[in-house]
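For the sequence shown, position 69 (counting from the first letter as 1) is numbered 420 according to this note's numbering, and the numbering increases by one without interruption. Notes follow once the structure below has been shown.
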Amino acid sequence: MVKILVILFFLGILFILWQKWELTKFEVTDYAVMSEKIKKAHRAIVITDLHGFTYGKKNQHLLEKIKDCNPEMILIPGDLIVSKYSDTFGTALELLKELVKIAPVYYSFGNHETRLRSPEKMNHCAFQNYVEEAEKIGVKILNNKSFLVSELENIRIIGLELPVGYYEKGRIVPMKSDVLEDLLPMPEKNDYVILLAHNPAYAEYYAKWGADVTFCGHNHGGLIRIPGIGSLLSPQLTLFPKYDAGKFQKEGKDIIVSRGIGTHTFHIRIFNRAELLNIQFLPK
Ligand SMILES: [Fe+2]
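What follows is the structure, encoded as structure tokens:
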């Protein structure tokens with residue numbers, strides 16, 4: 352019995368050390384998306400779910416990797432912060448200040464940001480300051496707004512901000528019909544539409560609405576990934592989320608779900624390394 356306890360103790364220590372080490376690492380995952388609407392090749396970096404994480408002092412390791420990828424745009428589909436920890440706002444802002452020097456930054460909110468729109472929430476004022484500062488340094492915040500990237504021809508970026516009700520714990524709230532039509536501006540027919548949509552649970556709705564490619568986060572890869580099966584648990588505490596991580600196709604459109612670059616609350620990543628997405632947009 353004592354032997355078993357000693358073995359379990361050492362296995363526990365090894366697990367903690369492995370996880371501490373694992374959480375200092377991230378990788379760059381390359382994806383290519385193709386469309387007849389794309390006239391020439393372009394590059395973008397997608398960062399999701401930073402949650403106040405840092406890789407090196409002032410995120411210098413992250414910034415170096417992003418610079419190496421030489422992106423023409425930086426896309427952020429939400430959750431740069433943790434809503435209850437206002438110190439994460441400073442970390443996010445520090446990163447944004449450096450990102451705008453690399454390429455134009457397009458940001459739409461995830462549940463952690465949207466939650467703080469409510470004036471009765473703790474950190475609401477600090478969050479308002481954070482948003483003002485981000486806009487002041489040139490970050491384009493696209494919550495249910497559209498931006499035509501004229502220097503990249505007909506590439507239109509649209510950010511979706513879903514109401515907080517769509518992040519209920521324990522279940523996926525059915526999406527009301529026409530919610531995307533009501534929230535989002537309609538793009539032009541010939542635009543190549545990039546949708547930034549934090550919550551991947553509604554991937555097929557985004558494709559049906561007409562997004563040529565949708566970038567999502569939110570699931571953090573599901574904390575624990577079982578090789579060959581996928582993720583165990585979403586942050587909304589739903590089991591085996593369908594759109595957990597990777598590239599999916601619906602209605603002939605692409606949906607790419609990031610495992611995220613940070614974690615919060617449960618700092619665990621098993622077979623689920625943090626990632627930046629390096630995207631190539633190619634003509635078909
Ligand atoms: Fe999230």
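Even for Gly, the Cβ is constructed at its ideal location relative to N, Cα and C. Fair warning: this is a prediction, and the values are worked out from it, not measured in the lab.
Expressed to the nearest angstrom, what Euclidean distance is found between the alpha-carbon atoms of residue i and residue j?
{"i": "residue 619", "j": "residue 504", "result": "41 Å"}
{"i": "residue 563", "j": "residue 544", "result": "5 Å"}
{"i": "residue 542", "j": "residue 401", "result": "29 Å"}
{"i": "residue 380", "j": "residue 459", "result": "21 Å"}
{"i": "residue 373", "j": "residue 521", "result": "28 Å"}
{"i": "residue 420", "j": "residue 480", "result": "31 Å"}
{"i": "residue 589", "j": "residue 440", "result": "27 Å"}
{"i": "residue 377", "j": "residue 613", "result": "9 Å"}
{"i": "residue 464", "j": "residue 398", "result": "15 Å"}
{"i": "residue 485", "j": "residue 446", "result": "10 Å"}
{"i": "residue 354", "j": "residue 436", "result": "42 Å"}
{"i": "residue 470", "j": "residue 478", "result": "10 Å"}
{"i": "residue 391", "j": "residue 634", "result": "6 Å"}
{"i": "residue 358", "j": "residue 352", "result": "10 Å"}
{"i": "residue 527", "j": "residue 368", "result": "45 Å"}
{"i": "residue 488", "j": "residue 580", "result": "42 Å"}
Please go through the same chain and pick out, in chain order, the residues whose beta-carbon is closer than 6 Å to the beta-carbon of residue i, but skip the five residues on each side of it.
{"i": "residue 457", "result": "426, 491, 493, 508"}
{"i": "residue 615", "result": "402, 433"}
{"i": "residue 559", "result": "602"}
{"i": "residue 412", "result": "406"}
Can you list, in chain order, the residues of its chain with a C-beta nearer than 7 Å to that of residue i? Leave out the 5 residues immediately preceding and following it.
{"i": "residue 347", "result": "Shown here, the chain extends from 352 to 635; a query on residue 347 therefore has no answer."}
{"i": "residue 585", "result": "570, 573, 592"}
Quick test of your reading: residue i and residue j, contact by CB under 8 Å. State the CB separation rounded to the nearest angstrom.
{"i": "residue 571", "j": "residue 462", "result": "Wrong, their Cβ atoms sit about 12 Å apart, outside the cutoff."}
{"i": "residue 532", "j": "residue 601", "result": "Going by Cβ atoms, the distance from residue 532 to residue 601 rounds to 17 Å, so no, they are not a contact pair."}
{"i": "residue 422", "j": "residue 566", "result": "Not quite, the Cβ-Cβ distance comes to about 13 Å (not below 8 Å), so this is no contact."}
{"i": "residue 474", "j": "residue 434", "result": "6 Å"}
{"i": "residue 396", "j": "residue 628", "result": "7 Å"}
Closer than 5 Å to ligand 1: residues, by C-beta to nearest heavy atom, in chain order
430, 461, 462, 569
Identify every run of the alpha helix (DSSP H) within the segment 360 to 429, keeping only runs that are complete inside it and at least 4 residues long; order them along the chain.
411 to 420
Just list the alpha helix (DSSP H) runs in the segment 550 to 614, keeping only unbroken ones of 4 residues or longer that don't cross its boundaries, in chain order.
554 to 560
Could you tell me which whole beta strand (DSSP E) segments of length 3 or greater appear in the segment 437 to 468?
456 to 458
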